[in-house]
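Residue numbers (my numbering): 933 to 1316.
Take a look at the structure set out below.
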């Protein structure tokens, strides 16, 4: 047992970074408490445990004060009892001697095992908390381990992570041993242990995949301005170049589309539109509605709203299936977007013109009527 204890402590220090001296001290403290509990000692103040750092031998010592008359046998002994051990003792001396109760070996072994397990669990909790708290917002490769009710348990290397139901994507599958990349959401505690939560549906998963796949983004030459995503179906990503000689969209697409294809493969075929960002909001909105071609954009700065006109035959394309293209463009730009075909736009213009005309007539009619009345009265007076 003693040799195994030393070996276990050395291994924990090397593999898990747990300080060996801290483990020795924890075993000594627990040994004292265990001794008191097991052998019904009234106090632990005068009990000391010692673990040999070389061979792992565990010993317990009791300290007593030499007195003339014993009042507490747990902490005191008579001079006669002390002299029986050594003639050198005098009244008031402190005498420490080793206790060797029956079954102490079993107690020592169990105590050491419990302490090591506790410290191991504590160190593991602390390691996970520290390591993954610093990685929130990053990517992590993982392997699907199992499904637990609606959650998916993922091996992400030095920890197991939880993929909640609302962070899953229906097209992913999540089969045993399936490898994929995850976005680290947060680290929370559950039943006293840290839990790493990951996502496959977060828009930033797309952002991080582009940062990983496109060197121009990771070096800062190309910047991701915004991302809009409907996970498992389609994403739009707006990019801008800080170097006029670098094509932001082309950098993300890659030669023969290899870069964007790699990301789409990771996302199980999710479509990705790469949009060129523009400081001119009308141009940005036009680009965001790709693949549709935009004829006109009317901006309402106060309401942060835009009316967009597209060719009649591209209205469905601009809006997208179930409105998806328009929704993603609105999220990407941060503007409300109202899409009209050219025919609809002409009808709206005619309606607006008619409305203005009627309003103008309403505003001028009362004054004209009063003028006519005055004119009529004057004429009647003249005739009389």
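Here a beta-carbon is modelled for each residue, glycine too, at the ideal position from N, C-alpha and C.
These numbers come from a predicted model, not from an experiment.
Test item: CB-CB of residue i and residue j under 9 angstroms
i: residue 1199; j: residue 1281; result: no
i: residue 1145; j: residue 1117; result: no
i: residue 991; j: residue 1030; result: yes
i: residue 1130; j: residue 1195; result: no
i: residue 1051; j: residue 954; result: yes
i: residue 1167; j: residue 1285; result: no
i: residue 1093; j: residue 1085; result: yes
i: residue 1123; j: residue 1165; result: no
i: residue 1132; j: residue 1152; result: no
i: residue 932; j: residue 1069; result: No statement about residue 932 is possible, as the shown extent of the chain runs from 933 to 1316 and does not include it.
i: residue 943; j: residue 988; result: no
i: residue 1241; j: residue 1230; result: yes
i: residue 980; j: residue 1013; result: no
i: residue 967; j: residue 1036; result: yes
Of the residues the options, the one placed nearest residue i, counting alpha carbons only
i: residue 995; options: 988, 989, 1006, 986; result: 1006
i: residue 1264; options: 1160, 1221, 1209; result: 1160
i: residue 1109; options: 1184, 993, 1077; result: 1077
i: residue 935; options: 948, 986, 961, 1174; result: 986
i: residue 1082; options: 1097, 1075, 1089, 1070; result: 1097
i: residue 1228; options: 1236, 1215, 1153; result: 1215
i: residue 1272; options: 1236, 1256, 1226; result: 1226
i: residue 1048; options: 1114, 948, 1036; result: 948
i: residue 1004; options: 1290, 978, 963; result: 978
i: residue 1134; options: 1071, 1176, 1009, 1025; result: 1071
i: residue 1101; options: 1278, 1162, 1143, 1170; result: 1162
i: residue 1236; options: 1254, 1013, 1257, 1270; result: 1270
i: residue 1158; options: 1183, 1025, 1128, 1206; result: 1206
i: residue 1087; options: 1032, 1113, 1103, 1209; result: 1113
i: residue 1238; options: 1217, 1021, 1255, 1248; result: 1217
i: residue 1056; options: 1128, 1181, 965; result: 1128
i: residue 940; options: 1026, 993, 1041, 967; result: 1041
i: residue 1136; options: 1103, 1289, 1170, 1111; result: 1170
i: residue 1181; options: 1209, 1193, 1201; result: 1209
i: residue 1213; options: 1268, 1256, 1254, 1176; result: 1268
8 angstroms contact criterion, which residue i and residue j should meet: CB distance rounded
i: residue 998; j: residue 1011; result: 6 angstroms
i: residue 1224; j: residue 1246; result: 5 angstroms
i: residue 1065; j: residue 1119; result: 5 angstroms
i: residue 1090; j: residue 1063; result: 7 angstroms
i: residue 1000; j: residue 1023; result: 6 angstroms
i: residue 963; j: residue 1043; result: 5 angstroms
i: residue 1258; j: residue 1252; result: 6 angstroms
i: residue 1154; j: residue 1185; result: Going by Cβ atoms, the distance from residue 1154 to residue 1185 rounds to 11 angstroms, so no, they are not a contact pair.
Residue burial classification, residue i (beta-carbon count within 10 angstroms, cutoff 16)
i: residue 1244; result: exposed
i: residue 946; result: exposed
i: residue 1314; result: Note that residue 1314 scores a pLDDT of 47, beneath 50, so its modelled location is shaky; the value from the coordinates is reported in the next line. Exposed, by the Cβ-count rule.
i: residue 1147; result: exposed
i: residue 1126; result: buried
i: residue 1187; result: exposed
i: residue 1039; result: buried
i: residue 1311; result: At residue 1311 the pLDDT is 48, less than 50, meaning the model places this residue with poor confidence; the figure from the coordinates comes in the next sentence. Counting Cβ neighbours within 10 Å, residue 1311 comes out exposed, since fewer than 16 surround it.
i: residue 1262; result: buried
i: residue 1183; result: buried
i: residue 1219; result: buried
i: residue 960; result: buried
i: residue 1191; result: buried
i: residue 1316; result: In this predicted model, residue 1316 has a pLDDT of only 48, less than 50, meaning its place in the structure is not dependable enough to derive any value.
i: residue 1009; result: buried
i: residue 1250; result: buried
i: residue 983; result: buried
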